[in-house]
């Protein structure tokens, strides 16, 4: 099974993207395998709507473990399996909460084995140009690390919000040389480019 | 560990440090960048080193050493390479025979190993072993001037297509050659169309031609029951008569194997009472179970330097089980071989447009390849 991992800072919309992208690829029911950093594993099935309300939130660090969705996609006459892995957000600096630190370590471990890395950034927050720079040191390091590997795609999320176009322009400057796909996880916009990319690299 | 390093030395340590709060995620990624490619490169170097080492041992360093030594002494190079070469050059003719016998025993073992390497076919292997023992003892008895039975090694192979009849026949030919029971041990395959002629007298001529070619080896008549199909006036009967006559005339000089479906062969032997007594050895080739077929598939992949992914393996087993319920004449191992060969082509089609390919990609047959190969 090919692993496609979604990483990025907290609250950029990774979980929402994972759920909606899975739905876009034809998944009707979200059957999610959770894997906590401590080793605990469990599974739960949600309807898409229930998954959205339970798993996503407007507060950062809602996701604290790996959450994977297995997709069975038709490929020619057979099927191919794709594991879409949603991860806990990566922060700059050392997080005080040990649980979150462990979750981040788990994210990195999963990155090692991933075939495709989807790196998500919040284009709207970038465009708004707040006091705090929303492109973190971790984002630059991820880009540098991931360019050594095959399937690396930058997702500029929240394109539906005002100011996102400016954010996208800035991303294109900062991440020049990397492929950038503008998307709106909430409204399922721009998914076909992501799909084509994931398809080619799995 | 008493003192800890100021920097993790491998990717796993990076993860530990990250969860202990001694690294930021950004630092962790930076370290990954330096450590992970290093890890991969190290693997590549290790692989190359191992290949190199194997290459050296393959070209036999002892031989190289020997040559150097001999050149220093000013001795002539022996004709045969290797450390044994030096000894045999000094040996007298009397011991050369032992050498030959040892080589023969080695070849015999190789053939038996090959037989054991065939998957399933337990009853067949048992029977071949029996035969081997019988031939060997008859030879020893002859050496001791004891009455030895004339060896009638003609056989009937009964089983569905693709159950290993031809393969076993081929191994058997080599086995009998190594045991001195047959001078050449080659296999001449033929079927009704090869033996039966178009006009009166033609059949005997064609059959004799095949027998002449099989002299010193094995004449393998596939689907032999079809020779008796046409009734009294059919030329098939003439072919059988010619065959039987040749078996009498050239008793120990060649072996005839009649092969075919079990039910048809039973009927064939029943309708020709003379035949049954002339073919004392009857081997049954049972159909393979799906597990055996899966092992055959893995073996075939291995031979071709491919491997089945676990999912592909499960998929294939399911396909084989479905087929087992349906058609008993489906071809057994031949079906598996066709599926594997087609899957290899499907894999090529799947990979040819890819930009980056790893060694593993090139070797692995995925479930989709197998599925398309079996259904498409």
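Chains as they are written, first to last, in this note's numbering: chain L, 1152 to 1353; chain D, 4 to 379. The beta carbon of each residue, even a glycine, is placed where N, CA and C say it ideally should be.
Query                                                                                                                                                                    : Result
Taking residue 1231 of chain L as the query, report the chain D residues whose CB atoms sit under 9 Å from its CB, ordered along the chain.                              : 369, 370, 371
Between the region 1213-1230 of chain L and chain D, which residues of the former have CB atoms less than 8 Å from a CB of the latter, in chain order?                   : 1226, 1227, 1228, 1229, 1230
Which residues, in chain order, does the region 16-29 of chain D contribute to contact with chain L at a C-beta distance below 9 Å?                                      : 17, 18, 19, 20, 21, 22, 23, 24, 25, 26, 27, 28, 29
Would you list, in chain order, the members of the region 1237-1254 of chain L that have their beta-carbon closer than 9 Å to a beta-carbon of chain D?                  : 1241, 1242, 1243, 1244, 1245, 1246, 1247, 1249, 1252, 1253, 1254
The beta strand (DSSP E) that contains residue 1308 of chain L, what's its start and end?                                                                                : 1302-1308
Buried or exposed, going by whether 16 or more other CB atoms sit within 10 Å of the CB of residue 291 of chain D?                                                       : buried
Quick check on residue 164 of chain D: buried or exposed, where buried means 16 or more other Cβ atoms within 10 Å of its Cβ?                                            : buried
When the Cα atoms are used, what is the spatial distance from residue 370 of chain D to residue 1287 of chain L?                                                         : 41 Å
Between L/1212, L/1338, L/1349, which has its C-alpha nearest residue 1253 of chain L's C-alpha?                                                                         : L/1212
Kindly identify the DSSP beta-bridge partner or partners of residue 287 of chain D.                                                                                      : D/161
Does DSSP put residue 74 of chain D in a helix, in a strand, or in coil?                                                                                                 : Bear in mind that the predicted position of residue 74 of chain D carries a pLDDT of just 42, short of 50, making it unreliable; the figure below should be weighed with that in mind. Note: residue 74 of chain D maps to helix in three-state DSSP.
Counting C-beta neighbours from all protein chains within 10 Å, is the total for residue 307 of chain D 16 or more, i.e. buried, or is it exposed?                       : exposed
Measuring straight from C-alpha to C-alpha, what distance separates residue 1160 of chain L and residue 1240 of chain L?                                                 : 5 Å
What do you get for residue 1228 of chain L, buried or exposed, if any count of 16 or more other CB atoms within 10 angstroms of its CB means buried?                    : exposed
Within its chain, find whatever has a CB closer than 6 Å to the CB of residue 111 of chain D; leave out the 5 residues flanking it on each side and keep chain order.    : 181
Residue 1246 of chain L bridges to which residues according to DSSP?                                                                                                     : In DSSP, residue 1246 of chain L forms no bridge with anything.
Would you call residue 12 of chain D buried or exposed, if buried means 16 or more other Cβ atoms sit within 10 Å of its Cβ?                                             : exposed
DSSP three-state label for residue 1258 of chain L, please.                                                                                                              : helix
Measure from the C-beta of residue 311 of chain D to each C-beta in chain L and report whether the shortest distance is under 9 Å.                                       : no
Using the rule of at least 16 other Cβ atoms within 10 Å of the residue's Cβ for burial, across every protein chain shown, is residue 1209 of chain L buried or exposed? : exposed
Return the first residue and the last residue of the beta strand (DSSP E) that residue 1160 of chain L is part of.                                                       : Per DSSP, residue 1160 of chain L belongs to no beta strand (DSSP E) and is neither H nor E.
Mark residue 1204 of chain L as exposed unless 16 or more other C-beta atoms lie within 10 angstroms of its C-beta, in which case mark it buried.                        : exposed
With which residues is residue 322 of chain D paired in a DSSP beta bridge?                                                                                              : Paired residue(s): none; residue 322 of chain D is not in a bridge.
Using a Cβ-Cβ cutoff of 9 Å, what residues of the region 1315-1336 of chain L are near chain D? List them in chain order.                                                : none
In the DSSP assignment, the alpha helix (DSSP H) including residue 357 of chain D goes from what residue to what residue?                                                : Looking at the DSSP string, residue 357 of chain D is not in any alpha helix (DSSP H), and its letter there is neither H nor E.
So residue 359 of chain D contacts chain L; which residues on that side make the cut at Cβ distance below 7 Å?                                                           : 1301
If we call anything under 9 Å between Cβ atoms a contact, is residue 225 of chain D one with residue 169 of chain D?                                                     : yes
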